[in-house]
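Chains as they are written, first to last, in the numbering used here: chain A, 1 to 304; chain B, 305 to 608; chain C, 609 to 912; chain D, 913 to 1216. Beta carbons: idealized from backbone N, C-alpha and C, even for Gly. These numbers come from a predicted model, not from an experiment. To keep things clear, I will list the structure first and then write my remarks on it.
There are 4 protein chains.
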Amino acid sequence: MAIPAQGVGMRIGFIGLGNMGSGMAANLLTAGHEVIAYNRSPAKVAALAERGATAAPTVAAACAADVVISMLADDTAVEAVTFGDHGIVASLPDGATHMSSSTISVALAERLTAAHADAGQVFVSAPVFGRPAAAAAAELFVVAAGPASAVAGLQPAFDAVGQRTFVLGEDPHTANLVKLSGNFLIASVIESLGEALALVGKAGVDKQQYLELLTSTLFGAPAYRTYGGLLARGEFEPAGFAAHLGLKDVRLVLAAGEQLEVPMPVASLIRDRFLALLAGGGRDLDWSALGALAAWEAGGPKPG
Amino acid sequence: MAIPAQGVGMRIGFIGLGNMGSGMAANLLTAGHEVIAYNRSPAKVAALAERGATAAPTVAAACAADVVISMLADDTAVEAVTFGDHGIVASLPDGATHMSSSTISVALAERLTAAHADAGQVFVSAPVFGRPAAAAAAELFVVAAGPASAVAGLQPAFDAVGQRTFVLGEDPHTANLVKLSGNFLIASVIESLGEALALVGKAGVDKQQYLELLTSTLFGAPAYRTYGGLLARGEFEPAGFAAHLGLKDVRLVLAAGEQLEVPMPVASLIRDRFLALLAGGGRDLDWSALGALAAWEAGGPKPG
Amino acid sequence: MAIPAQGVGMRIGFIGLGNMGSGMAANLLTAGHEVIAYNRSPAKVAALAERGATAAPTVAAACAADVVISMLADDTAVEAVTFGDHGIVASLPDGATHMSSSTISVALAERLTAAHADAGQVFVSAPVFGRPAAAAAAELFVVAAGPASAVAGLQPAFDAVGQRTFVLGEDPHTANLVKLSGNFLIASVIESLGEALALVGKAGVDKQQYLELLTSTLFGAPAYRTYGGLLARGEFEPAGFAAHLGLKDVRLVLAAGEQLEVPMPVASLIRDRFLALLAGGGRDLDWSALGALAAWEAGGPKPG
Amino acid sequence: MAIPAQGVGMRIGFIGLGNMGSGMAANLLTAGHEVIAYNRSPAKVAALAERGATAAPTVAAACAADVVISMLADDTAVEAVTFGDHGIVASLPDGATHMSSSTISVALAERLTAAHADAGQVFVSAPVFGRPAAAAAAELFVVAAGPASAVAGLQPAFDAVGQRTFVLGEDPHTANLVKLSGNFLIASVIESLGEALALVGKAGVDKQQYLELLTSTLFGAPAYRTYGGLLARGEFEPAGFAAHLGLKDVRLVLAAGEQLEVPMPVASLIRDRFLALLAGGGRDLDWSALGALAAWEAGGPKPG
């Protein structure tokens, strides 16, 4: 993460100071950018203002910038700040850029691309991989897509929040598709590990030793270590990423697959599992609880 | 891999010199063990004899040893050399050990445990993780289970063929269950990656770049690199591990799950996919072709 | 179907003269009701006008009635005629009833219920079971839900179009849920029969004889006869109900299941199958082609 | 059911007097045939002897006949009476016929065909559709396959136990395949109905009314009435056909599908459901309890 020389910092509006956004915005400040921050509940803005951010009382105020970054929970939240008389589209200067880091649907990314183009603005999708701790440590992975010059111009912002950027091309929505597919792959790791753990666990194999074996051999990746550990310990609270958000993402993957006419049976199975998890009261558990359903169906305790 | 001091080498019968077994037997010789080798087709024995092995004309001849290791393709092959008037059970000395490294069913491991115990012999399951290149390089991972003293006594053999050993406990069949579950997890990686690649590929995302992104972030594990690469390149011949053997393993996982009353829906889905692959003529393709069915169902070409 | 006595006929607006609606509207005329008909393409209105209907040039004109019936293809079409400045909500008299016979989502039924209540009007859901021939013959089954007095008042209309009415209760959306679940059950018959036919067919059993056996014994229901026959003959054109509409309905079932937190794995599987059918070019085939995918995956020809 | 003229009755050995077999054997007596009955537990033989049967103390004794009919629970039971020194193959006269009405695997039917041919005997598969009450009432449906002259010669026996016979051809195992596929179709009705009932039930629709609607319209078949009724009432004890036998049959269907390379995803799903049912303690419930798992996953009570 390079600190920009004096004077090259960007003027960045930042909308959405949740678990992920607050770390990202703080890292933009650290990297020398000017940050005008807006959040629906203002307490989070105050915390950031102490670190040098300017508090924006409205979305429109945060749009008085070269680029406005939005980092929100879902499509509905992004639509709420983007459209309408005082939203981003109505407020952003001509030629300025909306960089969306939220995990949103492919369809909404397409709508945002069109709406900003109609308004003479630029839209770039730049969703990120990483949990809140990675956001705080500027170790996210950024997946960016949009007009080449706009993406290049955002590189200092990407560098401030992440450890590496992958640029996909000119169509913003492909970045969202890739982000969603990544969450699908994580969920499929959770489900598969859950089935394997249910199997060997019922045969009396020690789960921690089993995971040690897996992650020492063919499965030595963060996804297996992180979610395997949570699963083996049955540790689903507090949620790093809640089950109902996991369901949302797999729904968006399936919607993208439907639009492209791509059947994804593992994604369908995961969706059904999430519904069973929610129906059983697990809405706010960590999404890794998905993997505990296999043991439940095998006669074990219900997760949560 | 430690070279044993002069005189501590074991006298080891070795049955099955296929892609995996020939590398393992050669490494036992290199480590200073005496190897009496048997193979159904004798040409492979001759090659090993040039490196110092003794050629055994029959299974019974290979059993004149402290331990006999079997490394064969499936249950049927293991049953053929184990039972019957001239098989391992009938031929092995009192107190000697049968170490089975084949990927066999949990049920057969249980039968072998009982049969050897009845005959005053010892049975140890020691299946391995790794493809033929890893077997040749003595870089396998050994998963061992059986009576503690027998397992301890086999450590020099494990060290000769592998880079690391995981000892699971006293029940041999748990090692087979863990091995099968590992193959299930690999197959689930192939299937999930196949669905994700079908999705982003149909949207025009470059598959190699996508894999680079995945393996640089949350999925930086050999399973993703190896099988993702084969899938992205559509490179299914020659087979490192054939589709019909992949089907066999997932069938054994499901059988183990049925015995333990553990539903494994992802395994069921993979089984159905393998059947479609075989029905389409893909029996001898690499099992990674499993992952190409998602793109086929999405309107792309049939694998193979 | 009772012919009402002179003078008791209702004044009915009818919106949507497609395959189903034209037959229903004609039967309302036959039963002695006054029909004011609107259709997006006016040619169909002219045909009905020859049988005594009044042509309505606009949706609003068709709303000058005691009850307006809408029978359209999907949510989008119903929304288009219902909302907006000249839609049904804006045009229907105080206290009049909107009877919706379209197969729409549960969510839209809830929105329509609320919108009409806000406007001082009444909303009744009355979707129907039956293909176009049954609509023409007044042999539909009507599933009705809504305020009891309104439902009772509509009985002459139900009698005019159907052979039997099932009244579910006061919540209109439950009728839509039941209708969607019925289409799910039909699709599951198609899929299951498709798998069974692929199995016995590949073993050389004659498919027609097999169906004769099934429908003579435990499966002697119209769903098995109709769809089994189409499947056994591979007769998917012309479509009685197109595959893309089948996909729409299973999507709505899954959406309803998601709202209620009810996993429906067979519905998920059917959705994936429909996507494969569409991706393979089968969008406009009869939805029974869904059942031909099992034989395709078993090495047979692609449907369509 | 025609009563044969004096003197034309056959001399029939009957092995297996369970729920199904006792009714069938009684009807053979009623129709004027001579019955030599064997059962593992002799109490059931005594009951039949009172109605005119000859008690056979051994399997071999029951084989002193023109035809021996076996009606047993599974492959293991049929193998036990067929093979070995005192089994049917060893005991049946030259040219006599073994008619197997048990629901057995396709693979076992093939073995039996070969074994009887080798012994100069004839094998005919004649599995039946119907529950115990239908067996008692001589209202079974018989599905027969085998050498044409042998099948023709058995017609009086078929007529004595059933209401109708379907003759499939010369390969006995096709009859077993058709029988298994029929049980698969019943199980798929149970599963699909279970999902639909979970959906509409959670929305507050009355289940009995819902079933009345289904069976009055497109689903007016015995499979829907019988299993729908059990499901709607949650009436799973006593079992007409136990869950673990349902699991056995779907396993045999899947095995047949594997041999023929026919993927059957609905069958796979049903297998997983049965495992969950057994793991939850439902082994001896009626197999219709399979359909209650959907409501369980949707947050309802566990069946059993």
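- Boundaries of the alpha helix (DSSP H) harbouring R1185 of chain D: P1177 to A1191, taken from the DSSP string.
- The beta carbon of A840 of chain C is closer than 6 Å to those of K815, Q816 and L819 in its chain, skipping five residues each way along the sequence.
- DSSP, read as helix, strand or coil, puts E338 of chain B in strand.
- Secondary structure note for R719 of chain C: its alpha helix (DSSP H) is the uninterrupted segment V714 to D726.
- For chain B, the residues of the stretch 1147 to 1169 of chain D that bring a beta carbon within less than 9 Å of one of its beta carbons are L1159, R1163, L1166 and G1169, in chain order.
- Among the residues facing chain B, E642 of chain C is not included, as its CB has no counterpart in that chain under 9 Å away.
- Annotation: the continuous beta strand (DSSP E) that includes R923 of chain D extends over R923 to I927.
- When the Cα atoms are used, D767 of chain C and A758 of chain C turn out to be separated by approximately 15 Å.
- Its chain contains S1037, A1038, P1039, V1055, A1056, A1057 and L1080 as the residues whose beta carbon lies nearer than 7 Å to that of A1087 of chain D, once the 5 sequence neighbours on both sides are disregarded; these appear in chain order.
- Using a C-beta cut-off of 8 Å, the stretch 545 to 563 of chain B makes contact with the stretch 484 to 494 of chain B, since at least three inter-stretch Cβ pairs fall below that distance.
- Between P1059 of chain D and S1012 of chain D, the C-beta spacing is not below 9 Å.
- Taken atom to atom, the span from the alpha-carbon of L1105 of chain D to that of A294 of chain A is near 23 Å.
- At a cut-off of 9 Å between beta-carbon atoms, F995 of chain D makes no contact with chain C.
- The secondary-structure analysis by DSSP pairs R648 of chain C with nothing; it has no beta-bridge partner.
- Residues of the stretch 752 to 772 of chain C with a C-beta atom less than 7 Å from some C-beta of chain B do not occur.
- For L252 of chain A, the enclosing alpha helix (DSSP H) begins and ends at A243 to L260.
- In the three-state reduction of the DSSP assignment, R164 of chain A falls in the strand class, which pools E and B.
- When the Cα atoms are used, A943 of chain D and F1078 of chain D turn out to be separated by approximately 20 Å.
- The criterion of a C-beta distance shorter than 9 Å is not satisfied by I981 of chain D and L1020 of chain D.
- The stretch 560 to 570 of chain B and the stretch 1173 to 1185 of chain D touch, with three or more beta-carbon pairs separated by less than 8 Å.
- The C-alpha of C63 of chain A is placed about 49 Å away from the C-alpha of W1208 of chain D.
- One thing to note: V504 of chain B has its Cβ within 9 Å of the Cβ of V178 of chain A.
- Within the same chain, and ignoring the five residues on either side of D94 of chain A in sequence, the residues whose Cβ sits closer than 6 Å to its Cβ are G120.
- Looking at the DSSP output, I490 of chain B bridges to nothing.
- When secondary structure is reduced to three states using DSSP, L522 of chain B falls in the coil class, being assigned neither helix nor strand.
- Chain A places no beta carbon closer than 9 Å to that of R719 of chain C, leaving this residue out of the contacts.
- Non-local C-beta neighbours of G538 of chain B in its own chain, meaning closer than 8 Å and more than five positions away in sequence, comprise A596 and P607, ordered along the chain.
- Taking 9 Å as the threshold, the shortest C-beta distance from A602 of chain B to chain C falls below it.
- Against chain D, the CB of M568 of chain B has a partner CB under 9 Å away; the residue lies at that interface.
- At a cut-off of 9 Å between C-beta atoms, G585 of chain B counts as an interface residue with respect to chain C.
- Annotated three-state conformation of A602 of chain B is coil, per DSSP.
- Per the coordinates, the alpha-carbon of A364 of chain B lies some 8 Å from the alpha-carbon of L396 of chain B.
- In this structure P764 of chain C is buried. Its beta-carbon is surrounded by 16 or more other beta-carbon atoms within 10 angstroms.
- By the neighbour-count definition (other C-beta atoms within 10 Å, threshold 16), E195 of chain A is a buried residue.
- S102 of chain A places its beta carbon less than 9 Å from that of L72 of chain A.
- Partner residues in the beta bridge of V750 of chain C, as assigned by DSSP, are C:V736 and C:T773.
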